[in-house]
Amino acid sequence: MAAIGISTGTPLNGGQKLAMKYFTVAIALFGAQVLFGLLAGIQYLNPDFLFGILDFSVNRMLHINAMVVWLLFGFIGSVYWMLEDESGVPVVGIGLGNLIFWIFTLAVVVVVLVYLLVQIGPGDIKSIWLINEGREYIEAPRWADIGIVVCVLAFFYNVAGTFAKGKFTNIGGVLVMDLVALAGLYLAGMYYTPNISMDQHWWWWVIHLWVEATWDVLVGCLMAYGLVKTMGVRRKIVETWLYIEVALMFGSGILGLGHHYFWIGTPEYWFTIGGFFSALEPVPLVAMVVHAVFDAGHHKLKSTNNPALAWIIAQAFGNFFGAGVWGFMHTLPQINLYTHGTQWTASHGHLAFFGAYATMVIAFLYLAVQKVRGGVYMSGNLVGAWKWKWAIFLLHAGLLAMVMGLLIAGYEQSQIERAIGGSSWMAYFEAQSHRWFMQGMFWRQIGGWTFAAGFVLLAWDLLTIGKRETRPALTVQAETDAA
Ligand code: HEM
Ligand code: HEM
Ligand SMILES: [Fe+2]
1 MAAIGISTGT PLNGGQKLAM KYFTVAIALF GAQVLFGLLA GIQYLNPDFL
51 FGILDFSVNR MLHINAMVVW LLFGFIGSVY WMLEDESGVP VVGIGLGNLI
101 FWIFTLAVVV VVLVYLLVQI GPGDIKSIWL INEGREYIEA PRWADIGIVV
151 CVLAFFYNVA GTFAKGKFTN IGGVLVMDLV ALAGLYLAGM YYTPNISMDQ
201 HWWWWVIHLW VEATWDVLVG CLMAYGLVKT MGVRRKIVET WLYIEVALMF
251 GSGILGLGHH YFWIGTPEYW FTIGGFFSAL EPVPLVAMVV HAVFDAGHHK
301 LKSTNNPALA WIIAQAFGNF FGAGVWGFMH TLPQINLYTH GTQWTASHGH
351 LAFFGAYATM VIAFLYLAVQ KVRGGVYMSG NLVGAWKWKW AIFLLHAGLL
401 AMVMGLLIAG YEQSQIERAI GGSSWMAYFE AQSHRWFMQG MFWRQIGGWT
451 FAAGFVLLAW DLLTIGKRET RPALTVQAET DAA
C-alpha cells in the first residue's frame, strides 16, 4: 500500500485484511441507508414523489434493511479486526471466512435487486421463499435467511476456533458466548405461522433480544477492546466492567422483551413484567458511560487514535440517551398506550440505533484506517483533522434535528390522535395532517440533509485521513495489572 502514508507499523494480519472487506461493504450500505432514508423522508412531505416507481414501503424497507446489514457487516468486520490480536494466533479457517464474505455480499446484492424490481406480489409461500418474508427489519426471503444462518455459522467457527486455539481472553469468552445467542435468536424470526400474535411474539425475540441484549453485549466487547487499544486501559478494569455490564444487560434486557407484548394479544402479566424489567434497562447503559468517561479522564484523554476515541465516547452517550433515556420515556405501559407506534418510536429508533451501534462501527473504521495508513499519528492536531471533527459534528447535529423533529411529531400524535381523538380512524388522519406534525417532518428532512452531508465528509475522511501525516502514532503507556 505504497500510495497511502508512511509504513512504519506492522502489516495487516489475515483477519484484518478480511475485516477491511467487510468494512468497505458496510460503508457502502451505510450510504444506501442514508439515500433511501432521504427518499422516504421526502415522501412524507410530498406523497406523490416517486409514487408507483419507488414506493414509500420499498424505500422504508431498504432503509432499515440496509441499516441492519451494514451494522452486521461492521460488527463482523470489527470482530475479525481484533481476532488475531486478542487471541494471539492466525484466524482458524480464514479461507472459508473469505469465501463466506463473497457469498454473503452477493446474497445481499441479489436481495436488494429483488426488493427494487419486485415491489408488489401475492402473499403466498412462493413470495416468502423468493421475494420477501414481510417481517420488518428482517424482510429477507427464506432462501437468504438460510444463507445468512450458514454464513453466521462459518463466522462463528472462525471466531470460536481461533480463540480455542489461541488465548481465550475474557473479552473473547464473552464474545463467543454472545455470538451463540445472537445466531440462535435469528432462528426465532424464521418461524412461520399465520397467527399474527404468535408471529409478532417470535419476531420480537429477534428484534428486541438482538438490540437490547446480544448486540449490546457485542458492542460492550468492542468497547472494551477499543479502550485498551486507544488508551492502554488496564485489562482487569475493562474486563470487570464488561462482566458487570453483561450481567446487568441480560438481567434487564431479557424480560424487558415484555415492553413489546403490551398490545399484541399476549397475556396481561406482560404489562408488569415488561414495565418493570425494561425500566431497569438504562442501568447498564449508565455503567457504560461511567466506564468510558472514567477511563478517558483517568488517561487525561491521551490516546493513540483521537477520532476512534471520540466515537467510543459518542457511543457511550448515544447508547445512554438513545436507548436508555428515549427508550425509558415510552416503556411504561401507561405511557406506551399513548405513544405506541407514533413518531415517538421512530425518534427513539433513530437515536438508539445510531447512538449505540453506528458509532461503535465508525470507531473501528478509524482504528482500522490508522493501521492501513501504516500506524500514523492520529491525535487531535493531525493534518486535516477538520474533516473528522466536522463529520462527527454534522452527523450528530443532523441526527439530533431528526430526533427532535420526530419527537415533536410524536408528542402531537399522542395528544391529538390518542388522548383527544381516542385512537379513532379519523383522529389518526387528523394527527397526521396537523401542522406540528408536518413541521416535525420538515425539520426531520433538514436534519436528514445535514446528516447526509456528514456522511459524505465521513466517507471522504476515511479515504484520506492520515495520508499526509508523517509522524508515527502516539504510543500510550499500557497500564499493567500490577499498577
Ligand atoms: C440500543 C438499543 C435499542 C435500540 C437500537 C432500539 C430500537 C428500537 C426500535 C427501532 C424500535 C421500533 C421497533 C418497531 O419498528 O416497532 C423500538 C421500540 C421500542 N423500544 Fe427500543 N431500542 C433500544 C433500547 C431500548 C431500551 C433500553 C428501552 C427501554 C428502556 C426501549 C424501549 C422501547 C419500547 C417501549 C419500544 C416500543 C415502542 C412502541 O410501542 O411503538 N428500547 N426500539
Ligand atoms: C438521512 C438520514 C435519515 C433519514 C432522512 C431517515 C428517514 C427515515 C424515514 C422516513 C423512516 C420511516 C419512518 C416511518 O415509517 O414513519 C425511517 C425509519 C427508520 N430509520 Fe431512518 N432516516 C435517516 C437515517 C437513519 C439512521 C442513521 C438510522 C440508524 C442508524 C436510521 C434508523 C431508522 C430506523 C430504525 C427506522 C424504523 C423506525 C421505526 O420503525 O420506528 N435512520 N427513517
Ligand atoms: Fe425492546
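No gaps in the numbering here: position 229 of the sequence shown is 229 in this note's numbering, and each next residue is one more. Even glycine gets a Cβ: it sits at the ideal position worked out from N, Cα and C. All of these numbers come straight from a predicted model, not from anything done at the bench.
Roughly how many whole angstroms lie between the Cα atoms of residue i and residue j?
i, j, result
"L222", "A385", "24 Å"
"K167", "F364", "22 Å"
"R142", "W129", "4 Å"
"P122", "S78", "39 Å"
"P284", "G251", "9 Å"
"N306", "G380", "6 Å"
"G95", "V176", "20 Å"
"K300", "Q413", "45 Å"
"D295", "R235", "11 Å"
"T266", "A356", "29 Å"
"E564", "I313", "The structure shown has nothing for residue 564, since the chain only spans 1 to 483."
"T10", "D145", "38 Å"
"L50", "G37", "14 Å"
"P472", "M360", "24 Å"
"Q43", "D55", "9 Å"
"I204", "H298", "Note on identity: in this sequence residue 204 is Trp, with Ile being the wrong assignment. If you take the alpha carbons of W204 and H298, they lie about 40 Å apart."
"P90", "Y22", "18 Å"
Does residue i pass the burial test, meaning 16 or more other C-beta atoms within 10 Å, or should it be called exposed?
i, result
"G134", "exposed"
"A483", "In this predicted model, A483 has a pLDDT of only 45, less than 50, meaning its place in the structure is not dependable enough to derive any value."
"V238", "buried"
"G226", "buried"
"V290", "exposed"
"P194", "exposed"
"G490", "Residue 490 lies beyond the range of the chain shown here (1 to 483); nothing can be said about it."
"R435", "exposed"
"W460", "exposed"
"E469", "buried"
"N158", "buried"
"Y377", "buried"
"D178", "buried"
"T475", "exposed"
"L99", "exposed"
"N46", "exposed"
"Y269", "exposed"
"A224", "buried"
"Y191", "exposed"
"A19", "buried"
"W501", "Nothing can be reported for residue 501: it is not among the residues displayed for the chain, which extend from 1 to 483."
I'd like to know if residue i contacts chain D, where contact means its C-beta is closer than 8 Å to some C-beta of that chain.
i, result
"V69", "Here there is only one protein chain, and chain D is not present."
Can you find the residues in the same chain that come closer than 8 Å, C-beta to C-beta, to residue i, ignoring five residues on each side of it along the sequence?
i, result
"L462", "I27, L365, Y366, V369"
"V456", "none"
"G41", "M441, R444, Q445, G448"
"V174", "V217, G220, C221, L242, Y243, V246"
"E484", "The structure shown does not extend to residue 484, since the chain is modelled only from 1 through 483, so no value can be given for it."
"L394", "T450, F451, A453, G454, L457"
"V68", "Y137, I138"
Leaving aside the five residues before and after residue i along the sequence, list all residues of the same chain whose C-beta is less than 7 Å from its C-beta, in chain order.
i, result
"A2", "Confidence at A2 is low in this model, with a pLDDT of 32, below 50, so its placement is unreliable and no value can be given for it."
"L280", "S252"
"A310", "I392"
"F271", "F262, P333"
"T169", "E86"
"G88", "G166, K167"
"G5", "Because G5 carries a pLDDT of 38, less than 50, the predicted location of this residue cannot be relied on, and the following value inherits that uncertainty. Cβ within range, chain order: R373, G374, V376, G466, K467, E469."
"S127", "G121"
"A401", "W443, I446, G447, T450"
"F163", "S87, G172, V176"
Which same chain residues, not among the five before or five after residue i, have their C-beta less than 6 Å away from its C-beta?
i, result
"S7", "Note that S7 has pLDDT 45, beneath the 50 cutoff, so the model's placement of it is unreliable and the number below is only indicative. Closer than 6 Å at Cβ, skipping near neighbours: G374."
"I264", "S197, Q200"
"A188", "W202, W205, V206"
"L255", "I273, F277"
"V34", "A452, F455"
Meets three-Cβ-pair contact criterion under 8 Å: the stretch 430-440 and the stretch 382-399: Contact between the stretch 430-440 and the stretch 382-399 is absent, because fewer than three Cβ pairs lie under 8 Å.
The stretch 80-90 in contact with the stretch 49-67 per 3-pair CB rule at 8 Å: Verdict: no, contact absent.
At 4 residues or longer, what runs of the alpha helix (DSSP H) sit wholly inside the stretch 308-382? Listed in chain order, the complete alpha helix (DSSP H) runs (minimum 4 residues) inside the stretch 308-382 are 326-329, 333-339, 343-352, 359-372.
Quick check: the stretch 317-324 against the stretch 343-356, are there 3 or more CB pairs under 8 Å? Two segments are said to touch when three or more pairs of C-beta atoms, one from each, lie closer than 8 Å; by this definition the stretch 317-324 touches the stretch 343-356.
Is there contact here, the stretch 89-109 with the stretch 143-151, by at least three beta-carbon pairs under 8 Å? Yes: at least three Cβ pairs fall under 8 Å.
Is the stretch 335-344 close to the stretch 401-412, with three or more CB pairs under 8 Å? Verdict: yes, contact present.
If you scan the stretch 417-461 from start to end, which runs of the beta strand (DSSP E) of 3 or more residues do you find wholly inside it? Taken in chain order, the complete beta strand (DSSP E) segments of 3 or more residues contained in the stretch 417-461 number zero; there are none.
Contained alpha helix (DSSP H) runs [length at least 4] in the stretch 127-200, N- to C-terminal order: DSSP runs (the alpha helix (DSSP H)) wholly in the stretch 127-200: 142-165, 170-188.
What alpha helix (DSSP H) runs, 4 residues minimum, are completely inside the stretch 200-238? Assignment of alpha helix (DSSP H) within the stretch 200-238, counting only whole runs of 4 or more residues, yields 215-231 in chain order.
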